[in-house]
Amino acid sequence: MNPAERPDTSVRGVRLAVDWGKARIGVAASDRDAILAFPVETVQTADHPVQRLAEIVAEYEPVEVIMGLPVALNGTEQLAAQDVRNAGHELAEAISPIPVRWIDERMTTRTAARALHEAGRSARKQRSVIDQAAAVAILEHVLEQVRSGRSETTAGGVDS
């Protein structure tokens with residue numbers, strides 16, 4: 001991975017994370033100091049999602065957008081990964097010059113569903129919340145990297 005494909009951990013500012021799914025897209029944001037990650041919205045994929053994501057980007061003015069990339073437990077990309085990459089390229093065009101990058105999202109949705117269940121919330125009734133919580137989990141991983149000055153995004157980030 002070359003340095004252009006890694007987030008610039010020295011840049012202070014809001015970061016957005018996107019958990020792209022077939023039906024819904026969870027979105028999360030951070031504060032400028034990379035301390036907190038919080039849910040923003042669940043976007044329906046049938047409702048012009050790239051346009052809505054671009055509106056969210058305009059509202060939050062992030063330094064970068066991180067998209068969760070579906071990766072199997074053995075580390076290979078899942079079939080849905082190409083859809084996520086295509087969406088990332090489309091989003092990158094819409095929000096240029098803000099970079100769009102990918103990060104391994106292994107287990108984030110399951111982790112989010114488990115956390116909601118442990119909090120006494122029904123995962124079945126809270127699917128949109130699960131998508132947002134998965135985006136928060138992706139972003140929390142990135143924020144940990146930012147705070148420690150390291151990066152683990154996957155190859156192929158889109159620098160707009």
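Going by UniProt numbering, the sequence shown opens with residue 1, and the numbers climb by one from there.
Each residue gets a CB set at the ideal place from its N, CA and C atoms; glycine is no exception.
Source: prediction; values computed, not measured.
Query	Result
Inter-stretch contact (C-beta, 8 Å, three-pair minimum) for the stretch 15 to 27 and the stretch 57 to 73	yes
Sequence-distant residues of its chain with Cβ nearer than 6 Å to R85 (five each side left out)	none
Bounding residues of the alpha helix (DSSP H) (the contiguous stretch that carries G68)	Looking at the DSSP string, G68 is not in any alpha helix (DSSP H); the run it does join, the beta strand (DSSP E), is E64 to L69.
Sequence ranges, alpha helix (DSSP H) only - wholly within the UniProt domain "YqgF/RNase H-like" (13 to 112), length at least 4	49 to 60 and 80 to 95
V146 versus A92: straight-line alpha-carbon distance, rounded	21 Å
DSSP state of V11 mapped onto helix, strand, coil	coil
Sequence-distant residues of the same chain with beta carbon closer than 7 Å to G88, five excluded per side	M67, V100, W102 and V158
D159 in three-state terms, based on DSSP	With a pLDDT of 47 at D159, under the threshold of 50, the predicted position of this residue should be treated as unreliable, and no value is reported.
Exposed unless 16 or more other CB atoms sit within 10 angstroms - verdict on P97	exposed
C-beta contact flag for V57 and D104 at 8 Å	no
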